[in-house]
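Remarks on the structure that follows.
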Amino acid sequence: MDNLNLVNTFAEFKELKNIDKSTMIGVLEDVFRHLLIKTYETDENFDVIINPEKGDLEIWRNRTIVEDGTVENPNQQISLTDARKIDPTYEMGEEVAEEIKLADFGRRAVLSLRQNLASRILDLEKANLFNKYTEKVGEIITGEVYQVWKKEILVLDDEENELVLPKAEQIPNDFFRKGDSIKAIVSKVEMKNNNPYIVLSRTAPEFLERLFEMEVPEIYDGLITIKKIVRIPGERAKVAVESYDDRIDPVGACVGMKGSRIYSIVKELRNENIDVVNYTTNTQLFIQRALNPAKISSINLNEQTKTAAIYLKPEEVSLAIGKGGLNIRLASMLTGYDIDVYRELEEEDIALDTFKDRIDGWIIDKLKSIGCDTVKSVLELSVAELAQRSDLEEETAQEIIDILKSEEEDVSLDEFKDEIDEAIIDKFKSIGRDTAKSVLELSAEELAKRTGIDAGTLQEVLNILKSEFE
């Protein structure tokens, strides 16, 4: 193989892998110098000259002319007689430059050189690809779907590099076919089996942030800042934004006229609902904005425990919680506060906390977490709805509803003042029994022990109360 063919082979490979000229020359020279060292044990007195434009490659060996019979190192010295065979005008001490042909190294050495060259170029290409995408982490790229598998999608960029979009990084409603165009951010880059492994994501908050930068010039120009993004991919997202220019409404700028700017983002995210929230350092106001569209009556904050108790009118509770609890969950993530929602009690309603002696505390806490903190708020739901929303067993949900219904149908002891001595009623109240049914839960003997009232008198009282429900 001659020098020209070798360089041409490399030039073709170089074009395919898009390696720059200076890197190409460096690799070529390094590979040939490695061959020189292997053949001559040194490369110090050799010149490797490469002209990639013409495909020229020349290797020259430089030797010093010495007296006949004094040559100690044939690779670095040449006798005067041998030098004058090349050029009769040579004198002692001059340098003789001789071109080394590839054929002089032998066929096996040349084949080894080609393999070494190809290996070096492949390694270099991998390193270039790794470095290129490491710098792109967090940026949006557009690629083409090449293969769709159950656990991941193989994507090709515009240079046909392979990128991977795992199932976990896809929006639940994503559906792609081979040949489709796809947008995603570069999530991470690592080496697997000595090859760059480039992972894409469409579920990361950064993907939504980059989409806003593309669609909202004020964000791209730095006039509006995205303070925080929280997402439940494919379902709902909340984006806190702030403007450094009082003349710019950050929410309006992000949404656009009639939703023109945010529409394309929502479409890209498979109809993911996006709430744009005007950021403020006022925590109460920020929580109120984060829970939009619910109208909050009052907020109690605990900055030490990072908790917020939100009080709303009954009709606002479902808005604050949102479908499947998404609104309150995202609001908590956005503000950094654990948010609990409470209904403002209506006069005739009863707080669930009054049932702690009959309903386990953890169940009451579960019901509160879904906005059911009063008797009426629980009884508005069917057994199936209550079980589904609270993640309780249907049997447990039925028991709770039965307890609360019995309370709702109960009668206050004050209704019996015409039939029962008021002193006895006060005694009942002092032991936590202020309704007819709560008294009827105990026998005359048990009531006698707790109140000190004669059992016979108590039995007469119990008969009066029982008649109310017969």
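Going by full-length UniProt numbering, the sequence shown opens with residue 1, and the numbers climb by one from there.
Backbone N, C-alpha and C define an ideal beta-carbon position, used for all residues, glycine too.
With three or more CB-CB distances shorter than 8 Å, the stretch 309-317 counts as touching the stretch 292-301. In the three-state reduction of the DSSP assignment, Met333 falls in the helix class, which pools H, G and I. Scanning Phe130, Pro233, Phe212, Gly234 for the CA closest to the CA of Lys227 turns up Phe212.
Rounded to the nearest angstrom, the gap between the Cα atoms of Ile100 and Val155 is 47 Å. In the DSSP assignment, Glu125 falls within the unbroken alpha helix (DSSP H) covering 107-134. Taking the Cα of Glu44 as reference, the smallest distance to any Cα among Arg63, Ala240, Asn51 is reached at Arg63. Assignment of beta-bridge partners to Gln77 by DSSP yields Thr64.
Rounded to whole angstroms, the separation of the alpha carbons of Gly336 and Leu285 is 14 Å.
With a minimum length of 4 residues, there is no unbroken run of alpha helix (DSSP H) contained wholly in the stretch 155-188. Taking every protein chain shown into account, the CB of Thr23 has fewer than 16 other CB atoms within 10 angstroms, so this residue is exposed. Excluding its 5 nearest sequence neighbours in each direction, Ile453 has C-beta neighbours in its own chain below 8 Å: Ile424, Lys427, Leu447, listed in chain order. Rounded to the nearest whole angstrom, the CA to CA distance from Ser181 to Gly143 is 6 Å. By the CB criterion at 7 Å, Pro233 and Thr203 fall inside the cutoff.
Secondary structure note for Asn51: its beta strand (DSSP E) is the uninterrupted segment 46-51. The shortest CA-to-CA distance from Thr451 to any of Ala436, Thr435, Leu465, Lys429 is the one to Lys429. By the criterion of a C-beta distance shorter than 8 Å, Phe46 is surrounded in its chain by Arg33, Leu36, Tyr40, Ile59, Trp60, Arg61, Asn62, Ile100, once the five residues flanking it on both sides are discounted. Annotation: Gly259 to Val186 spans about 28 Å, alpha carbon to alpha carbon. For Glu242, the enclosing beta strand (DSSP E) starts and ends at 236-243. The beta carbon of Asp434 is closer than 6 Å to those of Leu413 in its chain, skipping five residues each way along the sequence. The beta carbons of Val230 and Cys254 sit about 15 Å from each other, so the pair does not count as a contact at 8 Å. Taken through DSSP and simplified to helix, strand or coil, Gln398 comes out as helix.
Met191 and Leu326 have their C-alpha atoms roughly 37 Å apart.
Put simply, of Arg247, Ile121, Tyr90 the residue whose alpha carbon is nearest the alpha carbon of Glu67 is Tyr90. In this structure, the beta-carbon distance from Ala240 to Tyr279 falls below 7 Å. The three-state secondary structure of Asn327, taken from DSSP, is helix. Only residues of its own chain outside the window of five on either side were considered, and among them Val31 have a CB closer than 6 Å to the CB of Leu117, listed in chain order. In the structure shown, the three-state DSSP call for Ala103 is helix. Here the C-alpha atom of Asn282 lies approximately 36 Å from the C-alpha atom of Lys183.
Taking a 10 Å sphere around the C-beta of Gly69, we find fewer than 16 other C-beta atoms and assign the residue as exposed. The C-beta separation of Asp365 from Arg343 comes to about 15 Å, leaving the pair out of contact by the 8 Å criterion.
With fewer than 16 other CB atoms across the displayed protein chains lying within 10 angstroms of its CB, Phe175 is exposed. The straight-line gap separating the alpha-carbon atoms of Gln170 and Lys151 is approximately 10 Å. Between Val341 and Ala320, the gap from beta carbon to beta carbon is short of 7 Å. Here Pro88 is exposed, its C-beta having fewer than 16 other C-beta atoms within 10 Å. Around the beta carbon of Ser119, fewer than 16 other beta carbons lie within 10 angstroms, which makes this residue exposed. Each residue's CA atom was taken as its position, placing Gly93 and Ala109 some 33 Å apart.
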